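Chains as they are written, first to last, in the numbering used here: chain A, 16 to 327; chain B, 16 to 327; chain C, 34 to 300; chain D, 34 to 300. Where a beta carbon is used, it is the ideal one built from N, C-alpha and C, also for glycine. Quick caveat: nothing in here was measured; it's all calculated off a predicted structure.
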Ligand SMILES: Cc1cc2nc3c(=O)[nH]c(=O)nc-3n(C[C@H](O)[C@H](O)[C@H](O)COP(=O)(O)OP(=O)(O)OC[C@H]3O[C@@H](n4cnc5c(N)ncnc54)[C@H](O)[C@@H]3O)c2cc1C
Ligand SMILES: Cc1cc2nc3c(=O)[nH]c(=O)nc-3n(C[C@H](O)[C@H](O)[C@H](O)COP(=O)(O)OP(=O)(O)OC[C@H]3O[C@@H](n4cnc5c(N)ncnc54)[C@H](O)[C@@H]3O)c2cc1C
Ligand SMILES: Cc1cc2nc3c(=O)[nH]c(=O)nc-3n(C[C@H](O)[C@H](O)[C@H](O)COP(=O)(O)O)c2cc1C
Ligand SMILES: Cc1cc2nc3c(=O)[nH]c(=O)nc-3n(C[C@H](O)[C@H](O)[C@H](O)COP(=O)(O)O)c2cc1C
Ligand code: FES
Ligand code: FES
C-alpha cells in the first residue's frame, strides 16, 4: 500500500529498529497491554509502532497470589508472576486476532532455562505475523542461584545465541536494570547476536503492610515501574547508547511526548509505554501526535536527527 | 546524666546499632543536613539519634558545575560533586560546634583511593566527639575503570579492612544500590570488619533538557533520592537483613513515621532522613514522636520487637 | 465514549467523609449498567499515579449524567474531593460486568454496608422500574452516614437502615437486622456490597437458605480493563484459576465466592 | 517561627497567569526583609516534591501578614494556585540575605522584569519609608501584567512602566526605557530582578556608568537553608568558589555577577 501524500502536515515518524521498520517509534510495553484486544476501545491498535504482547511461557501459568500490585510514590510495584495461557494458546487464539487487526506484533517470552527460550522460539516458526521476539531475561534463574538471567553477561550471551540459532525472527533481549554494569550486559547481548535491545525492565522493589507487619505483595518482591524509574532508565540508555552500537527500544516511566523525546535524545530508536497506559489509555496516540508536531515545529525530516542528541 | 523518668508517656526509643547506642533510631542523612548548624532553627539537633554530616574528603573540593539538582517524579537528582571544605576544616571548625551542641556525630567520608579513606580516618584520631565514621564508597573508583568502589565486593572488603586497621572508631560502610547483588556487597563489608552498614545511597539517574538537547545536570548523571526509591531501598534492606548478620542503618525516601516503620520492619535498626528534610524540616522530630506513639499504642517496650517483623 | 472528560455539575459533601459527584456524559450514562464502575483520574499531577475505581451510584439518562458516591479514605479520594464544579472529570468506563438485572423471583433484597451502598442504588432504580419488589438494607455507623436515604425514597423502595449507634433504624449490624428481622422465605434474590466481613455473613445466610444472589468485590486495580492482570483474585481457595475483578467482575455470584480467602491490604 | 502554617486570607488571580496570595504570620512578617524569600509547600501530596522559592512581595506588619506575587509556570505554581482562602499555607522563612536597605545616595532606581517585580515592591516600601527618592521601572508584555501598579501607587513611588505591546507606558523593553529615557547621573543606586537577559543589560549599564547596585538571582533549590549545596552558582567565570543562592543570596552586588556564565534549565 502506498502512503497517502495528501494527509495534511504529517511528518515521517518511521524508524528502523535494527532489521525492523516501524511506522512510528511508539510501542506498548509487555504485560501492560495484554494481547492487544483489551485496549481496543481506546486505541486503534494498528496505528501503534508495534504491540509488545504479554510475557508468554511454554506452559500456561496461573501467576502469583494476590495482592499483585501496589501503588508507590510516582510508581507501582507488580508481581503478576507471568500469568499467561502459554505459547500454544497465544499462537492459536491471540496471534490470528492480531494478524487480522494488522498490528506489528512483538512477542515477549520468558523461561526458566535456556531450553525454555529456544523451545518457545522454535514453536513460533511458520507462524506469520510475529515481527520480532522480545526475550524477557529478568526471571529468576534457578541454575544461577536465584539471580536473574539478565544479570549475568555470560548467560545473556548464551541465551541470545541459542535463540538466534533456532529462529530467523529478529531477537530483542530485554535488559534488567538490576545490575551493576548495564553496558556489560548490553555488550553480551550484542555478542550473542541480538538485533536490538529493549530496556529497561522494572527495578526490583517491595512495600510493607505495617498493620499486618508483612510484605504487601503475595510474592514479597515486585517490579517497580512508572515515572519514579524514568531517571534510572534514561541513565542506562545513555550509557549503553554511548558504549554499544546496537539499536535501543527504550522505556520506563514514559508519561508524555516530552518524556519520549528525552528517551530519544539519550539514544532510543523506539520507545515503549507501559504503566502510563493505566493512567492515560490514549497516551500512545498522544505521543505519536506529539512527536509529529515536534518534528514539524523543529523542521525535522527524521527522528534520526535528534537520536542521541543529548549524549555528550 | 540520668534520664528524667518523670516525662509523661515516653517510650524507650533507644537502639543499639552494633557498638553504637543511640537515644532513638532517627538520624539525618549525609549531604542533606550540612554540618548540623543549617537546620538549627527547625530542630533541636541534640534530640536526633545522630547527625551524619556532609561527605568530607581529604582536601577541600569545590564540587560540580551547576545545575546540581533537578526534581523528578517523587524524587530528585543531585550531583553536588562532594563540595566540602576538607577534613581539616571539619575537625577544626565544625566538630567543636557539634560537640558543644552535644550531638551524636557520624562523620561521612569519601575518597578516590583506599589511601584517601585511611588517611582521613587517621586524621580523626584523637578528636573527641565522632561516634562513628560512615564510609561513602559510592564515588567513582579510578582504579576500577570508573565503576564505583561500592560495586565490587573485593574492594569493599579491602577498604573496610584498611580503615578498621587505622582507627578504633566504629566503621559503617554506606552501600551503593547500583549493584546486581547487594547481599554480596554486605557480606564483603562484614568480612572487612564493618560494625554496621548504611543503605541505601542514591540510585544513579539522569534527566534531559529537551529544549537544549543536553543533560540537565552539569555532571550528566546524578543520584536519585526521595520517595521514588523507597521500594528499592526496602527490598535491598530486606535481602541483606535476611542473609547477613549485621546491623543496618536504613534510609531512602523516608517521608513519615509509617515509612520509618516499614524500614524497621524489614530489618533496619536505625533510619536516616535525607530528601524528606527539604520537604519538611521538622520530619525527624515528627518521626521520633510518631515512633513513640506507635510504641505506646502497640505496647512495645523496645523497637527490637518489630525489627525485621515483615521479613518472611 | 469509553474515556470522557465529563463536566462536573454537582459535587457535595454529604457527611464527614462522604461525597457525591455528578458529571455530564450522555454516552457513558447511556451505556452504564448497575454494578459497573469507572476508573477516575483524581487530579492532573499523576500523584496518586493510578486511577481510582468508583462504582456508578446513579444515572440520569434524560440529563445524560452519572453520579458517584465516595468516601474519603486516602490520598486519592482526598484529591478527588478537591475537584471543583465546572471542572472536567477524567473518567474511563463503564467497566466490568454489572449485576444481573433480571433476577429470578420478584422479592429482591439489597444489602449495603457503608459506602458499599453505592452500586446498589442504581440497581434499585433499574429493578424498581422492572417492577420488582425491592427492599434495601443499609448499615452505617450512624444516621448521618445513611447518605443514600433520599435517593432510595425517591426511587420508592422499601428502606431499612441499621446503625451502630442506633441513631436511625435498627441498632446494630445490618447482618443482625437481616438475621433477626427478615424471613428468608420472603427473599428470592440477594445483592450485597460492603466490607468483606459483612459480605461473608450475607453469603453464609444466602447459602444456608439457598437464596441465589450476587456480590460486588474489590481489589487494587491498575488498568481496569483486563490488560495488566493486577486485580486477580481466587474466588475459592480450591479454584485453580484466578478471576480478574475488573473484567470478570466486580460482580460475581454469591455462591462462587469464598470470603477470607485472602485479606485486604491494610495500610 | 522559621516554619509556619499561615492562614490564607487573600488569594486572587491578577491576570492570566499571575496570582497574589496573602497569609497571616505575625512573626514571619516581623522578621522579613526586602529581598528575602520563602520556601512554599504547594500541596500535601509531595508532588511536586520540593518546596518552591517565592519572594516576599509585601509585608503588612500591623496586620501581621505577608503577600506573595507569583506566576504560574509549571506544576508547582499551578498546584499553588489551587490553595483556597481559609486553608493554611505551609511556608519556611524568611530565607536568604535581603537587599541593602541603606544604599548610598538618595536617588534609587528599581527595575523589575515580569514577575521579577515581586521582591522590589517591599523594597520600594521600605526605602520610601526611609525617605529615599524611589523610581520603579517595570517591564511587562502588556498592561494587564503590570500587576504591581496599585501597590506602587499606594506606596507613592515614581512608577514608569514599559510594555512590549505599548498598551501602557513606554513601548518596548524596560532596558530600552532605561537607556533612552533616564539619565545615569540621576541614579545613585540600582536594584534589579527579572530575566537573566534583562539583568545582564541592567548590570552592563550600571557598570558602564559606575552606579552601584544589587541583583536578585535564581537557581533551583532543594533545602533553601544552605544544607544541600544544590543551588550553587559561580558568580563570575573567574571565581574559584561557588556561592549558595539560597543562603549567600539571592541578592548579590551587581558588580559581583557576570551574566550568561551558565544558562538556565529550560524544560
Ligand atoms: C469495583 C470497585 C468499585 C468501587 N466503588 C467505590 C465507590 O463507589 N465509592 C467509594 O468510596 N469507593 C469505592 N471503591 C473503593 C475505592 O476504589 C477506594 O476507596 C479508593 O481506591 C481508595 O483510594 P485512596 O487513594 O483514597 O486510598 P488509599 O488507601 O490511599 O489507596 C491506596 C491504594 O489502594 C487502592 N485501594 C484502596 N482501597 C481499595 C479498595 N477498597 N478497592 C480497590 N483498591 C483500593 C487504591 O486504588 C490505591 O492503589 C471501589 C472499589 C472497587 C474495586
Ligand atoms: C529566590 C527566588 C525567589 C523567587 N521568587 C518568585 C516570586 O516571587 N514569584 C514567582 O512567580 N516566582 C519566583 N521565583 C521563581 C519560582 O521559584 C519558580 O517559578 C517556581 O519554582 C517554578 O515552579 P513550577 O513547579 O511551577 O515550575 P517548573 O518549571 O515545573 O519547576 C520545575 C523545577 O524547576 C524549579 N524552578 C523552575 N523555575 C525556577 C526558577 N526560576 N528559580 C528556581 N527554581 C526554578 C522548580 O523549583 C522545580 O524544581 C523565585 C525563585 C527564586 C530562586
Ligand atoms: C503490570 C505489569 C506487568 C508486566 N509484565 C511484563 C512481562 O510479562 N514481561 C516483560 O518483559 N515485562 C513486563 N513488565 C514490564 C514492562 O513491560 C516495562 O518494561 C516496565 O513496566 C517499565 O516501563 P513503564 O514504566 O513504562 O511501565 C510489566 C510491567 C507491569 C507494570
Ligand atoms: C543533596 C544531596 C547530597 C548528598 N550528599 C551525600 C554525601 O555527601 N555523602 C553520602 O554518603 N550521601 C549523600 N547523599 C545521599 C543521602 O545521604 C541518602 O543516602 C540518599 O539521599 C537517600 O536517602 P533519601 O531518599 O532520604 O534522601 C546526598 C543526597 C542528597 C539528596
Ligand atoms: S486492573 Fe488490570 S487486569 Fe484488572
Ligand atoms: S537550596 Fe540547599 S544549599 Fe541552597
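With a threshold of 7 Å, establish whether the CB of residue i neighbours any heavy atom of ligand 6.
{"i": "residue 251(A)", "result": "no"}
Check whether the Cβ of residue i lies closer than 7 Å to any heavy atom of ligand 4, and answer yes or no.
{"i": "residue 269(B)", "result": "yes"}
{"i": "residue 79(D)", "result": "no"}
{"i": "residue 97(B)", "result": "yes"}
{"i": "residue 29(A)", "result": "no"}
{"i": "residue 47(B)", "result": "yes"}
Leaving out five residues on either side along the sequence, give the residues of the same chain with a beta carbon under 8 Å from the beta carbon of residue i.
{"i": "residue 202(B)", "result": "168, 258, 259"}
{"i": "residue 214(C)", "result": "193, 203"}
{"i": "residue 234(A)", "result": "79, 80, 83, 94, 96"}
{"i": "residue 173(A)", "result": "129, 207"}
{"i": "residue 295(C)", "result": "At residue 295(C) the pLDDT is 45, less than 50, meaning the model places this residue with poor confidence and gives no usable figure here."}
{"i": "residue 70(B)", "result": "45, 46, 97, 99, 123, 124, 125, 151"}
Starting from the C-beta of residue i, find all residues in its chain whose C-beta is less than 7 Å away, skip the five residues before and the five after it, and write them out in chain order.
{"i": "residue 78(A)", "result": "95, 96, 97, 98"}
{"i": "residue 210(C)", "result": "170, 193, 195, 203"}
{"i": "residue 275(C)", "result": "265, 266, 267"}
{"i": "residue 291(C)", "result": "268, 269, 270"}
{"i": "residue 133(D)", "result": "247"}
{"i": "residue 326(B)", "result": "253, 256, 257, 281, 282"}
{"i": "residue 225(B)", "result": "none"}
{"i": "residue 200(B)", "result": "165, 168, 171, 190, 194"}
{"i": "residue 249(C)", "result": "68, 152, 226, 283, 284"}
How close, in whole Å, do the beta carbons of residue i and residue j come, if the pair is a contact with beta carbons under 8 Å?
{"i": "residue 261(D)", "j": "residue 105(B)", "result": "At roughly 17 Å, the Cβ-Cβ gap does not stay under 8 Å, so residue 261(D) and residue 105(B) are not in contact."}
{"i": "residue 285(A)", "j": "residue 40(A)", "result": "4 Å"}
{"i": "residue 84(C)", "j": "residue 72(C)", "result": "4 Å"}
{"i": "residue 152(B)", "j": "residue 163(B)", "result": "7 Å"}
Is there at least one non-hydrogen atom of ligand 2 closer than 7 Å to the beta-carbon of residue i?
{"i": "residue 34(A)", "result": "no"}
For residue i, is the beta carbon positioned less than 7 Å from some heavy atom of ligand 3?
{"i": "residue 255(B)", "result": "no"}
{"i": "residue 173(C)", "result": "no"}
{"i": "residue 95(C)", "result": "no"}
{"i": "residue 290(A)", "result": "yes"}
{"i": "residue 244(A)", "result": "yes"}
{"i": "residue 379(B)", "result": "Only positions 16 to 327 of chain B appear in the structure, and residue 379(B) is not among them; the question remains open."}
CB of residue i to nearest heavy atom of ligand 1: below 7 Å?
{"i": "residue 103(C)", "result": "yes"}
{"i": "residue 285(C)", "result": "no"}
For residue i, I'd like the list of residues in its chain whose CB is within less than 6 Å of its CB, leaving aside the five on either flank, ordered along the chain.
{"i": "residue 101(C)", "result": "54, 87, 90"}
{"i": "residue 138(A)", "result": "102"}
{"i": "residue 16(B)", "result": "Since pLDDT at residue 16(B) reaches only 43, below the 50 mark, its modelled position is unreliable, and the value read off the structure follows with that caveat. No residues qualify anywhere along the chain."}
{"i": "residue 76(D)", "result": "112"}
Check: Just checking, does the segment 203 to 222 of chain C make contact with the segment 141 to 155 of chain C on the three C-beta pairs under 8 Å criterion?
Finding: Enough Cβ pairs lie closer than 8 Å, so yes.
Next item on the list: When you get a sec, list the residues whose CB is within less than 7 Å of any heavy atom of ligand 5, chain order please.
Entry: Chain order is used for the residues whose beta-carbon lies nearer than 7 Å to a heavy atom of ligand 5, namely 254(C), 255(C), 256(C), 257(C), 258(C), 259(C), 260(C), 261(C), 262(C), 263(C), 264(C), 277(C), 278(C), 279(C), 280(C).
Next item on the list: Mind the definition here: the segment 69 to 89 of chain A touches the segment 236 to 251 of chain B only if three or more C-beta pairs lie below 8 Å; say whether that holds.
Entry: With a cut-off of 8 Å on Cβ pairs, the segment 69 to 89 of chain A is in contact with the segment 236 to 251 of chain B, counting three or more such pairs.
Note to self: Below 8 Å, how does it come out for the segment 178 to 197 of chain A and the segment 213 to 221 of chain A: are there three or more Cβ pairs, yes or no?
What the structure shows: By the Cβ rule, the segment 178 to 197 of chain A counts as touching the segment 213 to 221 of chain A, because three or more pairs are nearer than 8 Å.
Notebook entry, point to check: Do the segment 242 to 255 of chain C and the segment 158 to 174 of chain C touch if we need at least three Cβ pairs shorter than 8 Å?
Noted result: With a cut-off of 8 Å, the segment 158 to 174 of chain C and the segment 242 to 255 of chain C do not count as touching, because too few Cβ pairs lie within range.
Item checked: Three-pair Cβ contact test at 8 Å for the segment 315 to 324 of chain B versus the segment 57 to 68 of chain C -> Because the criterion of three Cβ pairs below 8 Å is not met, the segment 315 to 324 of chain B and the segment 57 to 68 of chain C do not touch.
Notebook entry, point to check: Does the count of Cβ pairs from the segment 130 to 147 of chain A and the segment 179 to 188 of chain A closer than 8 Å reach three?
Noted result: Yes, the segment 130 to 147 of chain A touches the segment 179 to 188 of chain A.
Check: Looking at C-beta atoms only, is the number of pairs between the segment 170 to 186 of chain C and the segment 150 to 158 of chain C that lie closer than 8 Å three or more?
Finding: Under the three-pair Cβ rule at 8 Å, the segment 170 to 186 of chain C counts as touching the segment 150 to 158 of chain C.
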